[in-house]
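In the numbering used here, the protein residues as written are 41 to 271. Even glycine gets a Cβ: it sits at the ideal position worked out from N, Cα and C. Read the structure below first, then the notes.
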């Protein structure tokens, strides 16, 4: 028997399962500002985390430091509001930069890489929801199913982000520095409120070239149940 024939029979007997890219299991949100002198090390840490396949690392630039001499060109009031909502949910009255929120549940100083790594490991098992997304042209289909017994109302959110940018800071606490930024959130849209007791099936428009991801979490600022990048 020829070598090709042997290979053909082997494929029939032992079919190869197509490999799928590993989806992220942990959401890392860095609340940062170009006007914060403590933030560049956290921005660098986020850049390292963004290389991991098991992590969705996002930079959410806040606007509440803009008054001290430099207006963050990526700052969005929605990001500041999201950070304050996390604080309120956790019973905290103050926000700060650089702060990292892990999976909508745990917070840590963005300049403490060992603590960040430990929390990522803590949340590595993922949530109670299986999520599948498919992009076809300018449309995105989102399907999700919760584990038996899971319940609650979850926000289904579409995140758009910019992979990389370099900025020359000319004023404020970081004046004279040229800084690199990674996975800068440009928009976070709430697509639906989903009751976990029923399967989810959504079809939404998706245009443009910016990277995108879907995040499902309780009440928009609660624990994350699932996420997936749009490929």
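Bridge partners - residue i, DSSP secondary structure assignment
i: residue 119; result: Beta-bridge pairing links residue 119 to no other residue.
i: residue 223; result: In DSSP, residue 223 forms no bridge with anything.
i: residue 172; result: 183
i: residue 267; result: 255
i: residue 188; result: According to DSSP, which records beta bridges pairwise, residue 188 is partnered with nothing at all.
i: residue 196; result: 232, 256
i: residue 241; result: 183
Of the listed residues the options, nearest to residue i (C-alpha basis)
i: residue 215; options: 91, 74, 97; result: 74
i: residue 118; options: 155, 188, 261; result: 261
i: residue 209; options: 133, 202, 221; result: 221
i: residue 114; options: 224, 91, 253; result: 224
i: residue 180; options: 84, 79, 271; result: 271
i: residue 189; options: 116, 233, 144, 239; result: 239
i: residue 227; options: 252, 241, 243; result: 252
i: residue 232; options: 196, 217, 102, 70; result: 196
Exposure of residue i, with buried meaning 16 or more beta-carbon neighbours within 10 Å
i: residue 68; result: buried
i: residue 61; result: Only weak support is given to the placement of residue 61: the predicted model assigns it a pLDDT of 41, under 50, and the question is left unresolved by the model.
i: residue 164; result: exposed
i: residue 72; result: buried
i: residue 137; result: buried
i: residue 191; result: exposed
i: residue 2; result: The displayed coordinates of the chain run from 41 to 271. Any statement about residue 2 would go beyond what the structure contains.
i: residue 245; result: exposed
i: residue 83; result: buried
i: residue 174; result: exposed
i: residue 130; result: exposed
i: residue 134; result: exposed
i: residue 186; result: buried
i: residue 178; result: exposed
Supposed contact pair residue j and residue i - C-beta distance, whole angstroms, cut 8 angstroms
i: residue 122; j: residue 89; result: With a Cβ gap of about 19 angstroms, residue 122 and residue 89 do not count as contacting.
i: residue 211; j: residue 105; result: That pair is no contact at about 12 angstroms.
i: residue 199; j: residue 85; result: Not a contact, Cβ separation roughly 20 angstroms.
Boundaries (first-last residue) of the beta strand (DSSP E) holding residue i
i: residue 69; result: 66 to 72
i: residue 146; result: 146 to 149
i: residue 157; result: Note, residue 157: premise wrong, no beta strand (DSSP E); alpha helix (DSSP H) at 153 to 162.
i: residue 247; result: It is not in any beta strand (DSSP E) - residue 247 carries neither H nor E in the DSSP assignment.
i: residue 141; result: 139 to 142
i: residue 95; result: 95 to 101
Unbroken alpha helix (DSSP H) run spanning residue i, endpoints
i: residue 87; result: 80 to 89
Contact with chain D by residue i, beta-carbon distance below 9 angstroms
i: residue 231; result: Here there is only one protein chain, and chain D is not present.
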